[in-house]
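For the sequence shown, the numbering used here gives the first residue as 1, with consecutive numbering after it.
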Amino acid sequence: MTVLAAWLVVAAILLFGLTLHRALVLRLNRGVNPSFRDGTDLLLSGVLPGLALVGGLATLLGAVHLLRVEVALPVAAILMIWRRHDLLGTLVDLRDLAMAGGRATATGNPFPLLAAIAFIGLACVISVTALFPAGSADAWAFQIPLAQSIVSHGGFVTPQIGSNFYGNIPLFFNVLFACTLLFVDHWLAAGLLNAAIFLGFLLLLTSCAHRWRAAGLLLVFFLIAFQPFFTPGAAVPLTDLPRSCFSVAAVLYLWRYLESSRPSEIVSSALVLGGAVGGKYTELQMVGLIGLALLPSIYRGKLSFSLFLTCLAAFLSLAGYWYAKNLIVLGNPIYPFLFGHPGLSDQWMADYTLELGRAFDPANRVFVTDLTTRQGWHDFFFIMRDWFLDRRRYAIVALVLIIGGLIASAKRICVLVAMTAAMFIIWYAVMFNHIRWATPAYLLYFSTAFIGASLIVEKVTAMRAAQPGGFIFEKLALVRVGRSAVNGHLLALAVVFVAVAVFCLPAVRFIHHPERQPYSWMEPGVMDVLIGRQKLDDFLGAQREGYTVYRYVAANDLRTVFQPFDTGSTLYAAAYTRGVDKGWLLPPYVFPESENDVDAFIERNRIRYFIRVTEKQQLVAERIGAAKFALAEKTISRMLPESNLLLKDGFGWELYRFNGFLPQ
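1) For Y253, which residues from the same chain have a beta carbon less than 6 Å from its beta carbon, with the 5 sequence-adjacent residues on both sides left out?
2) Can you find the residues in the same chain that come closer than 7 Å, C-beta to C-beta, to M1, ignoring five residues on each side of it along the sequence?
3) Does the segment 8-24 come into contact with the segment 141-149, if we say contact requires no fewer than three beta-carbon pairs (one atom in each stretch) closer than 8 Å?
4) Taking the straight line between their C-alpha atoms, what separation do you get for S136 and I224?
5) Would you grab the beta carbon distance between R190 and F177 for me? Rounded to a whole angstrom, and I think it's under 8 Å.
6) Can you tell me where the beta strand (DSSP E) with N174 in it begins and where it stops?
7) Identify the continuous beta strand (DSSP E) that holds E355 and give its terminal residues.
8) With a threshold of 7 Å on Cβ separation, who are the neighbours of V613 within its own chain once the five nearest residues in sequence on each side are excluded?
9) Could you say which of P440, A214 and I636 lies nearest to A735 if we only look at CA atoms?
10) Between which two residues does the alpha helix (DSSP H) harbouring Y572 extend?
11) List, from N- to C-terminal side, the alpha helix (DSSP H) runs of 4 residues or more that fit wholly inside the segment 143-231.
12) Output the boundary residues of the alpha helix (DSSP H) element that contains W427.
13) Pairs of beta-carbons, one from the segment 89-96 and one from the segment 194-211, closer than 8 Å: are there three or more?
14) Give me the DSSP bridge partner(s) of R612.
15) How should Y299 be labelled, buried or exposed, when 16 other C-beta atoms within 10 angstroms of its C-beta is the threshold for buried?
16) List the residues that DSSP assigns as beta-bridge partners of N644.
17) Nearest CA to the CA of Y166: which residue from I126, Y352 and M80?
18) What does DSSP give as the partner residue(s) for L585 in the beta ladder?
19) For the putative contact between L67 and L61, defined by C-beta atoms under 8 Å, what is the C-beta separation to the nearest angstrom?
20) Roughly how many angstroms separate the alpha carbons of K325 and P333, rounded to a whole number?
21) For S306, count neighbouring C-beta atoms within 10 Å of its own C-beta (all shown protein chains included) and say buried if the count is 16 or more, exposed if not.
22) Would you check if the segment 412-424 and the segment 439-450 touch, i.e. whether three or more CB-CB distances between them fall below 8 Å?
23) Return the chain-ordered list of same chain residues with a C-beta closer than 8 Å to the C-beta of W7, the five sequence neighbours on each side being excluded.
24) Hey, quick one: how far does the alpha helix (DSSP H) through V526 stretch, first residue to last?
25) For T577, tell me which candidate among G625, G583, D597 and A554 has the shortest Cα-Cα distance.
26) Relative to the alpha-carbon of L571, which residue among F562, P588, N556 and R559 has its alpha-carbon at the smallest distance?
27) Pull up the distance between the alpha-carbon of L15 and that of A77, whole angstroms please.
28) Using C-beta distances below 6 Å, list every residue in its chain close to V329, excluding the 5 sequence neighbours before and after it, in chain order.
29) Nearest to G343 by CA position, among R243, S163 and I531, is which residue?
30) Just confirm the distance between the C-beta atoms of A276 and A293, as a whole number of angstroms; I'd bet it's less than 8 Å.
31) Is it buried or exposed for V10, if we count other Cβ within 10 angstroms and need 16 for buried?
32) May I ask you to report which of helix, strand or coil DSSP gives H21?
33) Tell me whether S268 counts as near the ligand ZN, meaning its Cβ is closer than 7 Å to at least one heavy atom of that ligand.
34) Return helix, strand or coil for D361, following the three-state DSSP convention.
35) Would the beta-carbon of G56 fall within 8 Å of that of S317?
36) Where does A235 fall in DSSP's three states?
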């Protein structure tokens, strides 16, 4: 029921955003004929800018502490009544899209039905995997608490949570998370909003094709959704994938503007770019890249000054609040970088800057990232091949499509290719610490491949119109004649049946031969849970560090547990018990004042249980700090002789019961 309730809230937010976007498009394109390509295009391309508009409105309410149900619902209702004609138009477009798909299927075109099945199937799979609590500490230590803080305060405070760094960074996507948590107080709602952003991006990319949209969606799924880089994190309440979708969407809208010159396209680009920049500082790079791409249009006078001001207003309405707030409150618009870091020590900033500027994995620190040297370029191309191309059939197909697009129409795709290359270079030279920081560049890479495929199709279509003869075209004509000789809907259903059977074949094989995962985009073990071969608790216990221990603590109502080695311990414990937290764990920031305070600390906090970590101790020490790690070890070594082992999991976690100090 929680999944259904969360999806209903997300669907209501999407409908609200689509209505606002439709109204904006019609106003901006007044005098342009036609004002938009068609209703289907408006639906497919309107999800992300619609969410951007919702986020901008929520930011406005949050700035004055009115982001509350009793305020948000009346405001939304008033806007929907005001824009009732746009709401009706959106619903009509949805109906027309369904009817067009039905007619196409009845006439023998199987692609709309296949696309619908693939889309609904992916949404269902993501919904199921969203039920698995995220394995990333950042989700529970920062992202969800930030959204919950926005809900509890009805808006924004400084800092938003008890962290000077994370409590003051741009929070646009956490505001969107908060919009769902207002109505469904469960982290699942935030995860499904993330999934909606990902699915909305796939639809936007599909809309960039001038024809064959249903078949195009299947190609988009092959390139992006059915590979393991993006989809496993689609429903995880983190901001990396959604801000990547918004950032790349800004580039796609730029391309659409260069293709059509419609004002709504470039304003939509400004909106989603504002959302991306309002979600993370790193997306400021995209402002520069899009600005450079627009310079020729500005120089030739194609981008009017009034339209430029409209774009600037759209961008600042989403991104401006966070930077203005930090400038006023902290004296630094991009706190804590460059202009000062009040509240953070110089040593903390030095350590953090060092962490950002080098690879997390020490094995990758041998690569030279200085691109002013020959070795730097050598290592860059090695990383491109080894991390992104080698043994990845999706990436190889994408590369072929990009090359084909350049051959078909270099002028129309060169901007996308250049921006993709620039983003990879910026990532390697400036942010080469983890592959996930390259998510926007990699997503744009596959998006460019899809645009290349659409340009190839257009080129072939134009060639066929100019030269209707030829061996290949004659054979295609024979195929069309043969298809028309068969009852249309029977052929379509037969093709769909075969396609679904082929897609489900790996799952069927897995049931009988479970040696390997059936689909590479699934997390290992998920299929075992879906078919009932493995219980969910067993799966999470094998895949999520600390799950078994925290569930045991909750099931036995153990208090008070000392767990100093997990910075998100209290959040994980609540996540693994459906949001319940009865105060089992001592907060992770509570430590003895010194070695002489250990005994008093244990008695003062009434510690009766503790968790000991026997593996990855160096990594844990780096995470919590060497001084705190030493104090934690001292405290545990003091209790260990008078303790009994209760539980040990597969990650080297040990849960002990402390029986108290022996009388002296």
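Glycine included, every Cβ here is placed at the ideal spot set by N, Cα and C.
The answer reads as follows:
1) The residue labelled residue 253 in the question sits at position 253 within the sequence shown. Residues of the same chain with a CB within less than 6 Å of the CB of Y253, apart from the 5 flanking positions on each side, are E265, S268 and S269 in chain order.
2) As a working mapping, residue 1 is identified with position 1 in the sequence shown. Correct list: empty, nothing qualifies.
3) Not touching, per the Cβ criterion.
4) Translated into the one-based positions of the sequence shown, residue 136 becomes position 136. Translated into the one-based positions of the sequence shown, residue 224 becomes position 224. If I take the Cα positions, the gap works out to 22 Å.
5) Start at 1 with the first residue of the sequence shown, and residue 190 comes out as number 190. Start at 1 with the first residue of the sequence shown, and residue 177 comes out as number 177. For the record, residue 190 in the displayed sequence is Ala; it is not Arg. The Cβ separation is near 4 Å, so the contact holds.
6) Here the question's residue 174 lines up with position 174 in the sequence shown. Counting along the chain, N174 falls outside any beta strand (DSSP E), though it belongs to the alpha helix (DSSP H) covering F172 to L181.
7) Taking the first residue of the sequence shown as 1, we reach residue 355 at position 355. From DSSP, E355 is part of no beta strand (DSSP E) but of the alpha helix (DSSP H) over D346 to L356.
8) Here residue 613 refers to the residue found at position 613 when the sequence shown is read from its first residue. Excluding positions up to five away in sequence, the list reads F565, V620, G652 and W653.
9) The question about residue 735 has no answer here: the residues shown for the chain are numbered 1 through 664.
10) Taking the sequence shown and counting its residues from 1, one reaches residue 572 at position 572. For Y572, the uninterrupted alpha helix (DSSP H) run begins and ends at S569 to A575, by DSSP.
11) 144-153, 172-181, 187-207 and 213-220, all fully within the segment 143-231.
12) Taking the sequence shown and counting its residues from 1, one reaches residue 427 at position 427. Here the alpha helix (DSSP H) through W427 covers R393 to V430.
13) Touching, no, given that fewer than three Cβ pairs across the two stretches are closer than 8 Å.
14) Within the sequence shown, residue 612 is the residue found at index 612, counting from 1. DSSP, once it has assigned bridges, lists E654 as partnering R612.
15) Residue 299 sits at position 299 when you count from the first residue of the sequence shown. Residue burial is scored here from C-beta neighbours: Y299 has fewer than 16 other C-beta atoms within 10 angstroms and is therefore classed as exposed.
16) Here the question's residue 644 lines up with position 644 in the sequence shown. DSSP output for N644 lists R657 as bridge partner(s).
17) Taking the first residue of the sequence shown as 1, we reach residue 166 at position 166. Between Y166 and the set I126, Y352 and M80, the nearest pair of CA atoms involves Y352.
18) Position 585 of the sequence shown, counted from the start, is the residue given in the question as residue 585. Residue pairing of L585 in beta bridges, as defined by DSSP: V561.
19) Numbered from 1 along the sequence shown, position 67 holds the residue referred to as residue 67. Numbered from 1 along the sequence shown, position 61 holds the residue referred to as residue 61. Between L61 and L67 the Cβ distance is about 4 Å, and since that is below 8 Å, they are a contact.
20) Taking the first residue of the sequence shown as position 1, residue 325 is located at position 325. Taking the first residue of the sequence shown as position 1, residue 333 is located at position 333. Roughly 7 Å between the two C-alpha positions.
21) Taking the sequence shown and counting its residues from 1, one reaches residue 306 at position 306. Per the 10 Å Cβ criterion, exposed.
22) They touch, by the three-pair rule.
23) If you number the sequence shown from 1, residue 7 lands on position 7. Only S127 and L192 meet the Cβ criterion.
24) For the purposes of this step, residue 526 is taken as residue 526 along the sequence shown, with counting starting at 1. Under the DSSP assignment, V526 falls in the alpha helix (DSSP H) whose first and last residues are V526 to L530.
25) The residue you call residue 577 lines up with position 577 of the sequence shown. Measuring from the Cα of T577, the nearest candidate turns out to be A554.
26) As a working note, residue 571 is residue 571 in the sequence shown. Answer by Cα proximity: P588.
27) Position 15 of the sequence shown, counting from 1, holds the residue named residue 15. Position 77 of the sequence shown, counting from 1, holds the residue named residue 77. Looking at the two C-alpha atoms, the distance is approximately 12 Å.
28) Residue mapping note: residue 329 aligns to position 329 of the sequence shown, counting from 1. Correct list, in chain order: T158.
29) In the sequence shown, counting from the first residue as 1, residue 343 sits at position 343. Comparing Cα positions, the closest option is S163.
30) For the purposes of this step, residue 276 is identified with residue 276 of the sequence shown, where counting begins at 1. For the purposes of this step, residue 293 is identified with residue 293 of the sequence shown, where counting begins at 1. 16 Å between Cβ atoms; not a contact.
31) Within the sequence shown, the letter at position 10 stands for residue 10. For V10, the number of other beta carbons within 10 angstroms of its own is at least 16, and it is reported as buried.
32) In the sequence shown, the residue the question calls residue 21 occupies position 21. Helix.
33) Here there are no bound small molecules, and the ligand ZN is not part of this structure.
34) Along the sequence shown, read from residue 1 onward, the residue named residue 361 stands at position 361. In the three-state DSSP reduction, D361 falls in the coil class, being neither helix nor strand.
35) In the sequence shown, residue 56 corresponds to position 56, counting from 1. In the sequence shown, residue 317 corresponds to position 317, counting from 1. Yes, they are a contact pair.
36) Translated into the one-based positions of the sequence shown, residue 235 becomes position 235. Looking at A235 - three-state DSSP - the assignment turns out to be coil, as it is neither helix nor strand.
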